[in-house]
Amino acid sequence: MAVATSCEKEGKTQTETWWINSVRVDCVGVGPMTCYQIQKGEKLGDEEWQLFYSSIKGFDYEPGHIYRIKLKVTEKEAPVPADASSKNYELEEILSKESDPSLRLTNIWKIVKVGSIENPTGFKNKEALTFEFDASKRTYVGNMGCNSVRGEITENNGEKLVLGPGASTRMACPDMSAEQAITKALTDTRGYRLENNQLYLLNEAGETLMTFQAVD
Numbered sequence: 014m015a016v017a018t019s020c021e022k023e024g025k026t027q028t029e030t031w032w033i034n035s036v037r038v039d040c041v042g043v044g045p046m047t048c049y050q051i052q053k054g055e056k057l058g059d060e061e062w063q064l065f066y067s068s069i070k071g072f073d074y075e076p077g078h079i080y081r082i083k084l085k086v087t088e089k090e091a092p093v094p095a096d097a098s099s100k101n102y103e104l105e106e107i108l109s110k111e112s113d114p115s116l117r118l119t120n121i122w123k124i125v126k127v128g129s130i131e132n133p134t135g136f137k138n139k140e141a142l143t144f145e146f147d148a149s150k151r152t153y154v155g156n157m158g159c160n161s162v163r164g165e166i167t168e169n170n171g172e173k174l175v176l177g178p179g180a181s182t183r184m185a186c187p188d189m190s191a192e193q194a195i196t197k198a199l200t201d202t203r204g205y206r207l208e209n210n211q212l213y214l215l216n217e218a219g220e221t222l223m224t225f226q227a228v229d
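Heads up: the sequence shown begins at 14 in the working numbering, then just goes up one per residue.
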């Protein structure tokens, strides 16, 4: 969905409205660094966040929050070094600052129920099966009993949740029922709910597919 940038031109300076995502990510500019993730415009859109490689003067960034800010963008006078930005960015006003609900998913979780199977354990060690979700890196990794799986979180807004197909090991075990149930639950997940240190993965109809308990 396209969004329009809010601008007030003042010669070589203009005012823009930006959204700043709740985590900075690894990127490569002149060298390895971390970048803001931004969207420009009055409304936060559904499109992917863009990497922003420069700094914003006067902006005291606190991870874990989504910001809506107004900033001044000024063209630098020539000559501008080839490895530098051609513009200066300065905070004018923080319009909003809200905690990012999607980050609540980040934790290590123990499976307590999947389908009709309660407290499944590993085939070899008989220990509880755990999954780790990392909302900032948009990844998940877990033990399905016989094999491990690793994949991408393709959608997460604090309520909706879609998990990409994971890459798993290929071992065969005598009883694959729990693993098959876990695989199906991950595939069918379209949302989640968090209550009392428990995570519930939900299908399109809001029915519980898998229940986890926070490990820590």
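Ideal Cβ placement from N, Cα and C applies to all residues, glycine included. In this text, all values refer to a predicted model and were calculated from it rather than measured experimentally.
For LYS123 and LEU207, the gap between their C-alpha atoms comes out near 14 Å. Listed in chain order, the beta strand (DSSP E) runs fully inside the stretch 72 to 100 are 78 to 88, counting runs of at least 3 residues.
With a beta-carbon spacing of about 13 Å, GLU131 and GLY158 fall beyond the 8 Å limit used to define contacts. Here TYR205 is buried: its Cβ has 16 or more other Cβ atoms, across all protein chains shown, within 10 Å.
Between THR182 and ASN156 the beta-carbon gap is near 10 Å, outside 8 Å, which marks them as no contact. With respect to MET223, VAL127 sits close: the two C-beta atoms are nearer than 7 Å.
Comparing C-alpha distances from SER109 to each of GLN226, ARG151, VAL228, ASN34 shows the shortest one belongs to ASN34. Across the structure, GLU111 and ARG81 are spaced so that their CA atoms are roughly 9 Å apart. Cβ contact annotation for VAL162 (same chain, cutoff 6 Å, sequence separation greater than five): GLY155, GLY179, SER181, in chain order.
In the three-state reduction of the DSSP assignment, ARG163 falls in the strand class. Going by DSSP, ASP147 is part of the beta strand (DSSP E) stretching over 143 to 147. In the DSSP assignment, the residues bridged to CYS48 are VAL38. Excluding residues up to 5 positions away in sequence, nothing lies with its Cβ nearer than 6 Å to the Cβ of TYR74 in the same chain. Taking one beta carbon from each stretch, the stretch 55 to 70 and the stretch 98 to 107 have 3 or more pairs nearer than 8 Å; the two touch. When SER129, LEU118, ASN169 are compared, the shortest CA-CA separation from PHE144 is found for LEU118.
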